[in-house]
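Colleague: Attaching a single structure in structure tokens format; questions to follow.
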Amino acid sequence: MTTFHPLPSSEPIKEVIHAGFDADLPLSGGWGYRKTDATVIESLPDTVSLTQLEHMIASMRAYLEMNMTLPKEARYGSINLNEKQREIIEEDERIFHRVTYEISAMKEELYATFIDEYKEGYGKETFDLEEHFKRRHEATLIRVEPYWFEVTKIR
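Note that my numbering gives residue 61 to position 42 of the sequence shown, counting from 1, and the numbers run on in steps of one.
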């Protein structure tokens, strides 16, 4: 089983996201593995909803954990997140969202092989589309991970 390590909190989250994704997001705090290191959303940009911003931040964390911080041969691609559960927790005049995401991904090299196979075989009588997608599904890693956000400042 593949183990992914929590991102270190030695660098401010805002700076890591800017360096890795060229995005300036109004964030502070940690990477949201626990309530004590929740990602603090300082303000809400006009262009996205809170749910969209949380999903984007969680996607960035997953991409950093599963791709950018790993050696090339261990990297995952086709990383997708789907929200599975959302809890709102009010504590000491602070508001937290504990959002649980299902994360699907596939090893990058394997994913590239499946894409090439699909492009080469699609539309040919000998290509078993059902079998192709069955093997892709079997090769997909599924993780379920919580992410803690503090949203006190935007409420």
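Glycine included, each C-beta is placed from N, C-alpha and C at the ideal position.
1. Assuming residue 83 and residue 60 make a contact with CB atoms under 8 angstroms, what is their CB distance in whole Å?
2. At 3 residues or longer, and completely inside the segment 109-165: list those beta strand (DSSP E) runs for me, N to C.
3. Please classify residue 35: does DSSP put it in a helix, a strand, or coil?
4. Specify, as a first and last residue, the run of the alpha helix (DSSP H) that residue 69 falls within.
5. Go to residue 21, then tell me how far its beta strand (DSSP E) extends in each direction, as first and last residue.
6. Can you give me the C-alpha to C-alpha distance between residue 72 and residue 33, rounded to a whole angstrom?
7. So, is residue 80 buried or exposed, given that buried needs 16 or more other C-beta atoms within 10 angstroms?
Modeller: In short, the structure shows the following:
1. Here residue 83 is taken as the residue at index 64 of the sequence shown, counted from 1. Here residue 60 is taken as the residue at index 41 of the sequence shown, counted from 1. So it is not a contact: roughly 18 angstroms between Cβ atoms.
2. The segment 109-165 contains these whole beta strand (DSSP E) runs: 113-126.
3. Taking the first residue of the sequence shown as 1, we reach residue 35 at position 16. In this structure, residue 35 counts as helix in the three-state DSSP scheme.
4. Counting from 1 along the sequence shown, the entry for residue 69 is found at position 50. Looking at the DSSP string, the run of the alpha helix (DSSP H) that includes residue 69 is 69-82.
5. Taking the sequence shown and counting its residues from 1, one reaches residue 21 at position 2. Unbroken run through residue 21: none, as it is neither H nor E.
6. Residue mapping note: residue 72 aligns to position 53 of the sequence shown, counting from 1. Residue mapping note: residue 33 aligns to position 14 of the sequence shown, counting from 1. C-alpha separation (whole angstroms): 13 angstroms.
7. One-based indexing of the sequence shown puts residue 80 at position 61. Buried, because 16 or more other Cβ atoms sit within 10 Å of the Cβ of residue 80.
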